[in-house]
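Numbering (this note's numbering), first residue to last: 774 to 1388.
Right, one structure below, let's go through it.
Structure representation (structure tokens):
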């Protein structure tokens, strides 16, 4: 051993001790493991346990000395003398971080500590264990403000279960991925465990899956309580319900999940089974109720059950698109004392722009509004023409016409080529399939065939574009709304309807920013749990974004997350004159954009505080 320092203390010897013990319940023998440090001071030798490894320590015994050597180097801030195997390095880093949290003199520093001088060798500085913290800090504070930790405790979650549940939700906000990838993120890349004072390194993967199952079990309680917290924070009075559905695709066949069905995919993933998510939201954009349906569910068939489960009050306003606004659903809403503002299913697109009221959209585009009679007493219709929508419709029409005419041209060209089908019946069948495939435009064309009657062969095909009146081809940009709010003015009706476009942005956020798609699970409960965790993550994101919007910060969550992720927690290690090593762990200084976000949210810019350890 080497003598170091003025106090004649010898460098400690570290080793792993294996101890045989027995289960108090079954009497079965098993081994436990501890990292032990032996110190010699003068003529005395003392041993004490640095870290209890439990019974699941599975590193081969031959690697124990190298592991202990590497941990000693890390504690002193030294680089390894020799190359270390990746598995040993990973284990050493993990155990080192646990020792830092449990051993030595850990001192929390705050703004009231005015002086703390240590004499160190500046050239010996090492920076180790970087972990992301900015996005986790903001996300955790939002989770707390929504009351989720208290709700989990009320639902019977113990401390490890709460940590797993919160880890699932926040990882969906910060680094959306599978539970397996989430476990790695929590253990190796994130400082969330430090903010919660919980050691994710010791959490088995199965704990995350079980937390998902338990969250789903208490879905109704969580949704109700979280929305109650939202109402309290923003003084909301829920009088409007936005309702719509989306679906997401699943990897693999998911044959054991009865909800996994083939249907019309929003992402055009016809090769995958689907699962459908229905959301009822308040006008503020917060989710009041969610429900998971089969992938091939009829949208119109879901409304009644959702609103009954929601317990919406009499007279509440329901906003939904044409896919759900069937005549049957309209009648049900009326008979159950709901008001509605829906997109009409009728094909008529008549509007008198000369008589219409002209308003400006938020983006500065012209909107023409004309009030028309409803289908029955107590209902009115509002014909709307949007400058921007007209331009979009014209572009779509042109694209579909070009595609349809290209196929017709292909059929016509084949009529003069040898060894191609020219029989009238065969050509008629081919045209019939083409019309069915291009319903959007085929009705607006008149087709004529020249036929050699003696041979029953088609010799040429011609077509004429004759758009049907009162259609998207002749009146692009026109759509109609139906509503029972007859005493509202036209502009208020239209601006309220545009909330439905906000719901589309919610779905985009769920899918692209919060990992709703794809679903990797095959079991029904695990799939449902995946979707529910995503909706909880969305609630926290919506809280953050709504607060920032009040301060004129309008970035989407993806952009905010990038700004937040610039801050990390890191440990700086220094050698001291007395032979000890000083470790200081703290968050990096926030960049200017992040500092502004912290100020607007009234959060500390130093998440996790500052901790000092002298070894």
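For glycine and all other residues, C-beta sits at the position ideal for the given N, C-alpha and C.
Does the beta carbon of residue 937 come closer than 8 Å to any beta carbon on chain C?
Absent here is chain C; the protein component of the structure consists of one chain.
For the segment 828-852, list the alpha helix (DSSP H) runs that are entirely contained and at least 4 residues long, ordered along the chain.
837-848
Answer yes or no: do residue 1249 and residue 1138 have a C-beta to C-beta separation smaller than 8 Å?
no
Using the three-state DSSP reduction, which class does residue 1245 fall into: helix, strand or coil?
coil
Going by the CB atoms, is the gap between residue 1149 and residue 1211 shorter than 8 Å?
Not closer than 8 Å, so no.
Which stretch, first to last residue, makes up the beta strand (DSSP E) that contains residue 788?
For residue 788, the enclosing beta strand (DSSP E) covers residues 786-795.
Does the segment 1175-1188 come close enough to the segment 1224-1244 that 3 or more CB-CB pairs lie under 8 Å?
In short, these stretches touch, since the Cβ pair count reaches three.
Residue nearest to residue 1381 in terms of C-alpha spacing, selected from 1226, 906, 1160
With distances taken between Cα atoms, residue 1381 lies closest to 906.
For the alpha helix (DSSP H) holding residue 1131, just list the boundary residues, first then last.
In the DSSP assignment, residue 1131 falls outside any alpha helix (DSSP H) and within the unbroken beta strand (DSSP E) covering 1130-1133.
How about residue 1283 and residue 1307: are their beta carbons less than 8 Å apart?
yes
Please check the pair residue 1171 and residue 900, which I expect to be a contact at CB under 8 Å, by giving their CB distance rounded to whole angstroms.
The pair is not a contact, with the Cβ atoms about 58 Å apart (cut-off 8 Å).
Name the residue from 946, 1059, 812, 807 whose alpha carbon lies nearest to the alpha carbon of residue 1338.
946
Spell out the partners DSSP gives residue 825 in its beta bridges.
807
Nearest by alpha-carbon distance to residue 1331: which of 1299, 1286, 1367 is it?
1286
Bridge-paired residues (DSSP) for residue 1093
Answer is 1115.
Indicate the three-state DSSP secondary structure (helix, strand or coil) for residue 802 in the structure shown.
strand
In the DSSP assignment, find the alpha helix (DSSP H) that holds residue 1267 and state where it starts and stops.
1263-1270
Can you list, in chain order, the residues of its chain with a C-beta nearer than 8 Å to that of residue 1238? Leave out the 5 residues immediately preceding and following it.
Cβ within range, chain order: 1174, 1217, 1218.
In chain order, what residues of the same chain have a beta carbon less than 6 Å from the beta carbon of residue 866, not counting five sequence neighbours either side?
none
Hey, how far is the Cα of residue 819 from the Cα of residue 871?
22 Å
What is the DSSP secondary structure of residue 1290, reduced to helix, strand or coil?
coil
Does the segment 1302-1321 come into contact with the segment 1048-1068, if we say contact requires no fewer than three beta-carbon pairs (one atom in each stretch) closer than 8 Å?
Yes, the segment 1302-1321 is in contact with the segment 1048-1068.
Tell me the DSSP bridge mates of residue 1153?
1146, 1256
Can you round the beta-carbon distance between residue 989 and residue 1301 to whole angstroms, since I take them to be within the 8 Å contact cut?
6 Å
Decide if residue 1371 is buried, meaning its Cβ has at least 16 other Cβ atoms within 10 Å, or exposed.
Answer is buried; the Cβ neighbour count reaches 16.
Using only alpha-carbon positions, find the residue among 1192, 845, 935, 1133 that is nearest to residue 987.
935
With three or more C-beta pairs closer than 8 Å as the rule, is the segment 990-1008 touching the segment 940-959?
Output reads no: the segment 990-1008 does not touch the segment 940-959.
Please look up how many angstroms separate the CB atoms of residue 910 and residue 1376, rounded, as I've assumed it's under 8 Å.
In this structure residue 910 is in contact with residue 1376, their Cβ atoms being roughly 7 Å apart against a cut-off of 8 Å.
What residues in its chain sit with their C-beta under 8 Å from that of residue 1051, if we drop five residues either side in the sequence?
1016, 1017, 1018, 1063, 1064, 1065, 1066, 1075, 1079
For a quick check, are the C-beta atoms of residue 1024 and residue 1293 less than 8 Å apart?
yes
Is it a yes or a no for the segment 1025-1033 touching the segment 1101-1115, going by three-plus beta-carbon pairs under 8 Å?
no
Taking 8 Å as the threshold (C-beta atoms), are residue 1113 and residue 1274 in contact?
No, the pair does not count as a contact, with Cβ atoms beyond the cut-off.
Since residue 973 and residue 960 are thought to touch, with beta carbons under 8 Å apart, how far apart are those beta carbons, to the nearest angstrom?
5 Å
Classify residue 1379 as helix, strand or coil using the three-state DSSP reduction.
coil
State buried or exposed for residue 855, treating a residue as buried only when at least 16 other CB atoms are found within 10 Å of its CB.
It counts as exposed.
Here's the rule I'm using: 16 or more other beta-carbon atoms within 10 Å means buried, otherwise exposed. How should residue 1081 be labelled?
Exposed is the call here.
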